[in-house]
Amino acid sequence: MNVHIVTQTFPPRIGGMQSLMYSIAKGLQSESKKVVVYPDHKYKSEDSFNLSFFPSIKILRPFFKKLLVRKNAEINDVAICDTWKSVNAVPKNITKIICFAIGQEFLKSKNNKNIRKIQKAFDRCKYIVSITKFTENLMLSKCFVDKNKLKIIYPPFSVRPPIIKNKRLKDSTLKLISICRIEDRKGLLEAAKALIIIHKILPNFKWHIVGEGPSKQLLKKTIEKSSLIHNVIFEGFVSEEKKQELLSESSLFIMPGYMAKKSIEGFGIVYTEAASYGVPSVGGVDGGASEAVINNKTGWCVNPKNTKKLTEVLSEAITNDVLRNKYGNEAKIFYKKSFSSSIAFDRLNKLVIN
373 MNVHIVTQTF
383 PPRIGGMQSL
393 MYSIAKGLQS
403 ESKKVVVYPD
413 HKYKSEDSFN
423 LSFFPSIKIL
433 RPFFKKLLVR
443 KNAEINDVAI
453 CDTWKSVNAV
463 PKNITKIICF
473 AIGQEFLKSK
483 NNKNIRKIQK
493 AFDRCKYIVS
503 ITKFTENLML
513 SKCFVDKNKL
523 KIIYPPFSVR
533 PPIIKNKRLK
543 DSTLKLISIC
553 RIEDRKGLLE
563 AAKALIIIHK
573 ILPNFKWHIV
583 GEGPSKQLLK
593 KTIEKSSLIH
603 NVIFEGFVSE
613 EKKQELLSES
623 SLFIMPGYMA
633 KKSIEGFGIV
643 YTEAASYGVP
653 SVGGVDGGAS
663 EAVINNKTGW
673 CVNPKNTKKL
683 TEVLSEAITN
693 DVLRNKYGNE
703 AKIFYKKSFS
713 SSIAFDRLNK
723 LVIN
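FYI, the numbering for the sequence shown is 373 to 726, going by the working numbering.
Right under this line is the structure:
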């Protein structure tokens, strides 16, 4: 059996979906399955899966991908698509299509014509895999999908059990961490403003912010003009090893996201990554975040636009060591039970071979 991964999102581009599709390609490759990836951009890989790429302008990519897939396809092969748009690049000789539904595609669809295109693509698919219950409900509010097609698989395919053991020390400076693209909807600016309000009553802490993005300069300027100037470290992009080290030393993950315009947190894989290290999270209430962070059990879910509530949550999360450690332990248990990559791959494999 061949698995054809037809995707617009893939390395060398950086992002959550790129990481997701790369991890799926790498994880599905086996002696019994040959994986071929059809990306939008050229990618040099030393991995065991195969790449099939033909350079072309954007409007012609689906056409050339379809030719490449048709050339490589055999009877009973499976196609996995990152979104409904990639279904258009799957030839008719592949009848088993598994398509991911992320959520953004339904928020950004401004008219019925676009929804009809999504519906037409979904009609061809054997399975529609939503990354959260929130995404599934959003999809069903826009499209009609046979319930037998619907599957939910949480997306932390790339999250592996921690290699570095927990390095947190009881007498060390409390370390907070955020790992994300620094943009408005991640809620870091709101978190910074809340921390400024309560800074004087907090214990000594360092807040490590990992990532880059369009809102970084505003966030940095806000912090530099405040009492937090000596508490925040902008790490920029870091290596996987550095990220693991920071997570192993951290006590709290902060990313209280919210819906901004037509953009929302579909799930938040990084919440589960923090949970794998026993680090509880302060997350948002919009999108699928509340499925990744269970409020008052594995962390706190709060609307960051409610400054008073966010301030209260951050104060409790930072000052209440007993509660924070309890939520961290629960987060690790919840990760192993629901979010480990082995669980995600087991569920996807069953769809592939079914």
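C-beta: ideal position from N, C-alpha, C; glycine also. Keep in mind the model is a prediction, meaning the values are calculated, not measured.
- Excluding sequence positions up to five before and after ILE503, its CB lies within less than 8 Å of the CB of PHE472, ALA473, ILE474, GLY475, ILE524, ILE525, TYR526, PRO527, GLY638, PHE639, GLY660, all in the same chain and listed in chain order.
- Going by beta carbons, TYR415 and SER424 fall outside the 8 Å limit.
- For ILE503, there is no enclosing alpha helix (DSSP H), since its DSSP letter is neither H nor E.
- Along the region 524 to 586, the alpha helix (DSSP H) occurs as fully enclosed runs of 4 or more residues at 560 to 570, listed in sequence order.
- For ALA632, the pairing in a beta bridge is given by DSSP as SER635.
- When the beta-carbon positions are compared, PRO628 and VAL674 come within less than 8 Å of each other.
- Here ALA451 is bridged, per DSSP, to HIS376, ILE469.
- ALA564 is the residue among ARG433, ASP658, ALA564, ILE377 whose C-alpha sits nearest the C-alpha of ILE601.
- Annotation: the continuous alpha helix (DSSP H) that includes ILE715 extends over 713 to 725.
- One alpha carbon belongs to PRO586, the other to ILE554, and they sit about 6 Å apart.
- In this structure, CYS453 lies near VAL378, with their beta-carbon atoms less than 8 Å apart.
- Annotation for LEU624: LEU548, ALA689 place their beta carbon closer than 6 Å to its own, counting only its chain and skipping 5 residues before and after.
- The alpha-carbon of PHE711 is positioned some 31 Å away from that of LEU591.
- The beta strand (DSSP E) runs lying completely inside the region 672 to 716 and spanning 3 residues or more number zero.
- When the Cα atoms are used, GLN589 and LEU440 turn out to be separated by approximately 43 Å.
- Contact between the region 696 to 707 and the region 508 to 519 is absent, with fewer than three C-beta pairs closer than 8 Å.
- As the crow flies, the alpha-carbon of VAL654 is around 44 Å from that of PHE436.
- Secondary structure of SER662 (DSSP, three-state): helix.
- Secondary structure of LYS416 (DSSP, three-state): coil.
- Taking the CA atoms as reference points, LYS558 sits about 42 Å from ASN448.
- Following the DSSP letters along the chain, one finds GLY608 in no alpha helix (DSSP H) but inside the beta strand (DSSP E) bounded by residues 604 to 608.
- When the beta-carbon positions are compared, ILE626 and SER599 stay at least 8 Å from each other.
- In this structure, the straight-line span from the alpha carbon of ILE636 to that of ALA461 is close to 27 Å.
- Spatial neighbours of LYS578 in its own chain (CB-CB distance under 8 Å, excluding positions within 5 residues in sequence) are listed in chain order as THR545, LEU546, LYS547, LEU548, ASN603, VAL604, ILE605.
- At a Cβ-Cβ threshold of 8 Å, VAL531 and ILE666 do not count as neighbours.
- Here the C-alpha atom of SER687 lies approximately 15 Å from the C-alpha atom of ASN697.
- For TYR410, the enclosing beta strand (DSSP E) stretches over residues 406 to 410.
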